[in-house]
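> Here it is, the structure in full.
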């Protein structure tokens, strides 16, 4: 293979990696942040009024939505150790990235189907489908991030990572601007809400196809034997504990992790 062909293939791999961020950022901007929380609160209000009793607790729509977001995050946190082991030790990164992307995309498309249901169940459907879509997106992120070290030399990592971030902000931002213009222009019509959510899923899927086409499954020199979920979870938890015990030796890394924890919590809030 000529040097030009090698360089072209390398650029395609990097762009393929970045285009995944371009696509899935539409879910984060249009669905998770700008549109769905407000739409959910509106449908909750239509079905229940200001509050609904869940068990012995009176909860507002905003509170229920917060629990849904927290539940999705907790579910991802519980399975992440075993997913991390698979991502680092098995040649299954692209396979799992596909499966979890499809899960997230289908969940996103099904969110948009909520208005076809009785008014009393629309908010419940929307909440459940959001949890599924969010788990798909964050689970896919484990395997997506695990691809980065295999895309180039160590000195290339910052450049490739920055490229993906730039693609993500641009892709998610462009679609968000279009969605907000559509919603404002139609007076927040139901069909416009449905279209905005569904098109976010389609956007994610279409650009993920470029990733699946251009990014190969990385080679692993020390691939481990297949493990069951329980075994991989135990191994993952033990490695997390080991890593945390070693973080104290790297004060800058510990400070970064602590700062990021506060930063991302503020964004999610």
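Residue numbers (the working numbering): 9 to 277.
C-beta: ideal position from N, C-alpha, C; glycine also.
Tell me the residue span of the alpha helix (DSSP H) that contains residue 170.
Its alpha helix (DSSP H) spans residues 165-193.
> Counting C-beta neighbours from all protein chains within 10 Å, is the total for residue 140 16 or more, i.e. buried, or is it exposed?
It counts as buried.
> Within its chain, find whatever has a CB closer than 7 Å to the CB of residue 26; leave out the 5 residues flanking it on each side and keep chain order.
Closer than 7 Å at the Cβ level, and outside the excluded window around residue 26, lie 171, 172 and 175.
> Hey, quick one: how far does the beta strand (DSSP E) through residue 43 stretch, first residue to last?
Here residue 43 belongs to no beta strand (DSSP E), and DSSP marks it neither H nor E.
> Suppose the cutoff is 7 Å on Cβ atoms and the five residues either side in sequence are ignored; what does the same chain contact list for residue 79 look like?
Correct list, in chain order: 139.
> Between which two residues does the alpha helix (DSSP H) holding residue 93 run?
First-last of the alpha helix (DSSP H) with residue 93: 69-97.
> To the nearest angstrom, how far is the alpha carbon of residue 31 from that of residue 268?
For residue 31 and residue 268, the distance between alpha carbons rounds to 24 Å.
> Among 102, 239 and 34, which one has its Cα closest to the Cα of residue 151?
The option with the nearest alpha carbon to residue 151 is 102.
> For a test of the three-state rule: what should DSSP assign to residue 14, helix, strand or coil?
Note: residue 14 maps to helix in three-state DSSP.
> Which residue marks the beginning of the alpha helix (DSSP H) containing residue 106, and which one marks its end?
Segment 101-119, the alpha helix (DSSP H) holding residue 106.
> Please confirm if the stretch 258-272 is in contact with the stretch 110-117, defined as three or more CB-CB distances below 8 Å between the two stretches.
These segments do not touch.
> So, for residue 194: in the same chain, excluding its five sequence neighbours on each side, which residues have a beta-carbon less than 6 Å away from its beta-carbon?
Closer than 6 Å at the Cβ level, and outside the excluded window around residue 194, lie 200.
> Count the other C-beta atoms from every protein chain shown that fall within 10 angstroms of the C-beta of residue 29, then say buried if there are 16 or more, exposed otherwise.
Buried, because 16 or more other Cβ atoms sit within 10 Å of the Cβ of residue 29.
> How close, in whole Å, do the beta carbons of residue 97 and residue 228 come, if the pair is a contact with beta carbons under 8 Å?
That pair is a contact at about 7 Å.
> In or out: residue 119 buried (at least 16 other Cβ within 10 Å) or exposed?
That one is buried.
> In chain order, what residues of the same chain have a beta carbon less than 7 Å from the beta carbon of residue 161, not counting five sequence neighbours either side?
Around residue 161: no qualifying Cβ.
> Leaving out the 5 sequence neighbours to the left and right, which residues in its chain are closer than 6 Å to residue 125 when beta-carbon positions are compared?
Excluding residues within five positions, the ones whose Cβ falls inside 6 Å are 133.
> By a C-beta neighbour count over all protein chains shown, 10 Å radius and 16 as the cutoff for buried, is residue 57 buried or exposed?
Classification of residue 57: exposed, given that the 10 Å Cβ count is below 16.
> Straight-line CA distance for residue 249 to residue 259?
Looking at the two C-alpha atoms, the distance is approximately 17 Å.
> What residue from 149, 273, 137 and 129 has the CA that sits closest to residue 54's CA?
Closest by alpha carbon: 129.
> When DSSP builds the beta bridges, which residues end up paired with residue 61?
Per DSSP, 66.
> Starting from residue 152, trace the alpha helix (DSSP H) in both directions and tell me its first and last residue.
Taken as a continuous stretch (DSSP letters only), the alpha helix (DSSP H) holding residue 152 covers 127-155.
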